[in-house]
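Shown next, in structure tokens, is the structure this report addresses.
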Amino acid sequence: MSKDKITTLKSTAVPLPIENIDTDQIIPARFLKATTREGFGENLFRDWRYNADDTPKDFVLNSAIYHGKVLVAGKNFGCGSSREHAAWAIHDFGFQAVISSFFADIFKNNALNNAVLPVTVTDAFLKKIFQAIEKDPHTTIEIDLPGQKVVLEDGSSESFDINAYKKTCIMNGYDDIDYLLSLRDEIKHFELVH
Amino acid sequence: MTQHRKTLFDKIWDAHIVKSAEGYPDALFIDRHFIHEVTSPQAFEGLRTRGIGVFNTGRTTATADHNVPTIDQHLPIREALSRHQVETLRKNCQEFGVELYDLGHPYQGIVHIIGPELGLTLPGMTIVCGDSHTSTHGAFGNISFGIGTSEVEQVLATQCILQYRPKTMLIEINGKLGNGVVAKDIILYIISKLSASGATGYFVEYAGEAIRSLSMEARMTICNMSIEMGARGGLIAPDETTFRYIEGRRFAPKGETYDRLVEQWRQLKSDEGALYDEVIRYDAADIAPMITYGTNPGMGIKVTGKIPALSEMKSESEQNSFTKSLEYMGLEPGSSILGKAVDYVFIGSCTNARIEDLRLVADIVKGKTKASNVEVWVVPGSKQVETQARAEGLDKIFEAAGFQLRQPGCSACLGMNEDKIPAGKYCISTSNRNFEGRQGPKSRTFLASPLSAAAAAITGKVTDIRELVHD
Chain D
1 MSKDKITTLK STAVPLPIEN IDTDQIIPAR FLKATTREGF GENLFRDWRY NADDTPKDFV
61 LNSAIYHGKV LVAGKNFGCG SSREHAAWAI HDFGFQAVIS SFFADIFKNN ALNNAVLPVT
121 VTDAFLKKIF QAIEKDPHTT IEIDLPGQKV VLEDGSSESF DINAYKKTCI MNGYDDIDYL
181 LSLRDEIKHF ELVH
Chain G
195 MTQHRKTLFD KIWDAHIVKS AEGYPDALFI DRHFIHEVTS PQAFEGLRTR GIGVFNTGRT
255 TATADHNVPT IDQHLPIREA LSRHQVETLR KNCQEFGVEL YDLGHPYQGI VHIIGPELGL
315 TLPGMTIVCG DSHTSTHGAF GNISFGIGTS EVEQVLATQC ILQYRPKTML IEINGKLGNG
375 VVAKDIILYI ISKLSASGAT GYFVEYAGEA IRSLSMEARM TICNMSIEMG ARGGLIAPDE
435 TTFRYIEGRR FAPKGETYDR LVEQWRQLKS DEGALYDEVI RYDAADIAPM ITYGTNPGMG
495 IKVTGKIPAL SEMKSESEQN SFTKSLEYMG LEPGSSILGK AVDYVFIGSC TNARIEDLRL
555 VADIVKGKTK ASNVEVWVVP GSKQVETQAR AEGLDKIFEA AGFQLRQPGC SACLGMNEDK
615 IPAGKYCIST SNRNFEGRQG PKSRTFLASP LSAAAAAITG KVTDIRELVH D
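And the structure:
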């Protein structure tokens, strides 16, 4: 099935300089009850964004200053539960990429399967990005997927790794099932002799 | 000929590759697929959109666990969205022909508890489920890991998943465990050493004398929490303990087939001298009853120990995260948790809600009553565990102690169903995650073993189980 395609993304960014952000923070379990993929964005970081009475908290997603299609977060982003709802919530809110110095495995797969690009940079470059945003919240970050690099406004850049297969999928909007379905006969044969 | 010496993980992985094409992840055949109500609806919807069915319905088993209430399960679920999700699972299983152990069914329970107890989880298999604690099943010497919903759809549609081979890590625990130290303490100890991200990118094999000495229930507790240090999964080579556990279970192979398989399963071990990407060894004697003080499972200490001082955090961002965490928990750096009053005791979850866990707790509380300041919930992991506990008279022990024995489900592990810990309250919990709000908005979690939880239930505060047993 065709999904959103990403090639190059240039946007302002939202900074979240906290380590070990788990998927229970990204979307608490009590908001996982929908049976579709849409609408999770309104509960993204719910308990950091809103008080118990639904009034907004002093949190970066409520700030008038920061917005954009790129979320920048501390290391070990997306640890914990395998809930794909975390990737759906990030996507539904309007983010197309997350930059961090380290991602948890399952979250990274889920993001790649939902047209959210996980971009891993070094700790030093991550710090530089946070500093650039702090200095100027309107600064733009360019994520060049074909060239596999992140470029800041001051011209500094860093390259990032992405698996060639996943890169092709994201750039063209392919998904894994299309590929696996093409192997159906081989799978049937394997099951017989396995 | 080093290249022929393979790890157990590599042997099982290699035996399941349907296709390994240049530039593509491996297409891995999945022997057993478990599903539950939270992470499956969008996958079934995907099948409908594509106009395809389930590849092999015999390989998928469903149950309802995350959303279910743990009292009055015979009544309709009160919360509309939870009810809708369970009803959607029912509808999907019926439409696509998948076996469902629904509420009230004698086999219903937490997905990672029922697989092993029904004999669906076997050595040498590949097992997945849209749930990160799928690593539990690895205790039987198989490759089991949690997946996202898009991947659930892949497995339903093709019985395969596209995956890159992770790196391998061997964690060996040598020597004998001390008094009052159980499986939960071992895994909390390992995670405290490696951190919440220390095994990311790896699949872990647990070995060593201390692991070999454990029951299957205890091995499941260890493998269950592999994900809490970032590992995709954990496994333990099968042995006589494993085979004894499997024999005679509902869906386990029987008779000659069983005998033949046991012979095959005996070969499931890493070759002498097999190379791992990482090898870590610990001494069992260094492990004490453990407790967590922070908001990720890596933030654990010996129950008699002290919370680290701020100065022990290396970087500025580590200090910020540490401070944020302790503020949330209402605890001071450098202080001790021993003696800290708790409000709730939760004994349950896929980590510690098997019959052996309930027996451990019953042994401690027999003839005693709970402290007046605590509420104690014992939530069996499955209907079969509940039935067994009642047959053994554990329900009477819990009742006399003032504990509530509830009905099976994920319960207060994740704040999704009706069982939530109120804001600001402290809960000593046998579950697997102490994240902010995990057990309910603003709830505060101390992760510990069933023994430590039982001790806290009696004293009303964080207690060193070794003191209680000496009394």
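Protein chains in written order, with the working numbering: chain D, 1 to 194; chain G, 195 to 665. The beta-carbon is built from N, C-alpha and C at its ideal position, and this holds for glycine as well.
Beta carbon of residue i nearer than 7 Å to that of residue j
i: G:V232; j: D:L32; result: yes
i: G:Y487; j: G:I531; result: yes
i: G:F603; j: G:D325; result: Checking the sequence, you will find Gly at residue 603 of chain G rather than Phe. Not closer than 7 Å, so no.
i: D:V193; j: D:I141; result: no
i: D:V119; j: D:A97; result: yes
i: G:G402; j: G:N368; result: yes
i: G:D220; j: G:I211; result: yes
i: D:R88; j: D:F130; result: The displayed chain sequence assigns Trp, not Arg, to residue 88 of chain D. Their beta carbons are not under 7 Å apart, which means D:W88 does not touch D:F130 by this criterion.
i: G:K590; j: G:D471; result: no
i: G:F249; j: G:V305; result: no
i: D:G74; j: G:S511; result: yes
i: G:A648; j: G:I622; result: no
i: D:F95; j: D:F77; result: no
i: G:L645; j: G:S464; result: no
i: G:L350; j: G:M484; result: no
i: G:I308; j: G:T257; result: yes
i: G:A377; j: G:A431; result: no
Where residue i meets chain D, residues with beta-carbon distance less than 8 Å
i: G:F629; result: D22, D24, Q25 and G80
i: G:G303; result: Near G:G303 there are no residues of chain D at all, since even the closest Cβ is about 18 Å away, more than 8 Å.
i: G:S276; result: K33
Assigned secondary structure, residue i (DSSP; H/G/I helix, E/B strand, else coil)
i: G:I246; result: coil
i: G:M195; result: Bear in mind that a pLDDT of 47 at G:M195, under 50, signals an unreliable position, so the model cannot answer this.
i: D:S100; result: strand
i: G:Q288; result: helix
i: D:M1; result: Any reading at D:M1 needs caution, since the residue's pLDDT is 49, under 50, leaving its predicted position unreliable; the model's value is listed next. Note: D:M1 maps to coil in three-state DSSP.
i: G:S391; result: coil
i: G:F592; result: helix
i: G:M419; result: helix
i: G:R438; result: helix
i: G:D665; result: Note that G:D665 scores a pLDDT of 47, beneath 50, so its modelled location is shaky and nothing firm can be said.
i: G:R277; result: helix
i: D:T8; result: strand
i: G:M319; result: coil
i: D:H138; result: coil
i: G:F397; result: strand
i: D:A73; result: strand
i: G:S646; result: helix
i: D:P215; result: Residue 215 of chain D is absent from the structure shown; chain D starts at 1 and stops at 194.
i: G:L269; result: coil
i: G:F540; result: strand
i: G:M363; result: strand
Under 7 Å from the C-beta of residue i: neighbouring residues of chain D
i: G:A221; result: L180 and L183
i: G:V232; result: L32
i: G:T343; result: E84
Chain-ordered neighbours of residue i on chain D, where CB pairs are closer than 9 Å
i: G:E239; result: T35, T36 and R37
i: G:K560; result: Per Cβ cutoff of 9 Å: no residues; G:K560 is ~34 Å from chain D at best.
i: G:R426; result: D105 and I106
Interface partners of residue i on chain G, CB under 9 Å
i: D:G74; result: S511, N514 and S515
i: D:L71; result: Simply none; closest approach about 16 Å.
Under 7 Å from the C-beta of residue i: neighbouring residues of chain G
i: D:E42; result: Within chain G, no residue comes near D:E42; the closest Cβ sits about 14 Å away, beyond 7 Å.
i: D:A29; result: L608, G609 and M610
i: D:R83; result: T233
i: D:I170; result: Result: empty, since nearest Cβ-Cβ is about 13 Å, beyond 7 Å.
i: D:F190; result: V212 and F223
i: D:A164; result: G217
Partners in chain G for residue i, counting only beta-carbon separations shorter than 8 Å
i: D:I129; result: What D:I129 touches in chain G: nothing, since even the nearest Cβ is about 13 Å away.
i: D:F102; result: S391 and T394
i: D:P17; result: S511 and N514
Check whether the region 556-573 of chain G and the region 648-659 of chain G touch, using three or more Cβ-Cβ pairs below 8 Å as the test. yes
Scan the region 441-455 of chain G for residues whose Cβ lies nearer than 7 Å to a Cβ of chain D and list them as they occur along the chain. none
Would you call the region 611-623 of chain G in contact with the region 456-473 of chain G, where contact means no fewer than 3 C-beta pairs closer than 8 Å? no
Check distances from the C-beta atoms of the region 458-485 of chain G to those of chain D and list, in chain order, the residues that come in under 7 Å. none
Return the residues of the region 599-614 of chain G that lie within a Cβ-Cβ distance of less than 7 Å from chain D, sorted by chain order. L608, G609 and M610
Within 7 Å of chain D by C-beta, residues of the region 487-509 of chain G in sequence order: N490
Examine the Cβ distances between the region 506-525 of chain G and the region 541-549 of chain G and report whether three or more of them are shorter than 8 Å. no
Can you confirm whether the region 311-318 of chain G touches the region 389-408 of chain G when touching is taken to mean that 3 or more C-beta pairs between the two stretches lie within less than 8 Å? no
Touch check for the region 569-576 of chain G and the region 535-544 of chain G: three-plus C-beta pairs under 8 Å? yes
Does the contact criterion of 3 or more C-beta pairs under 8 Å hold for the region 481-496 of chain G versus the region 237-247 of chain G? no
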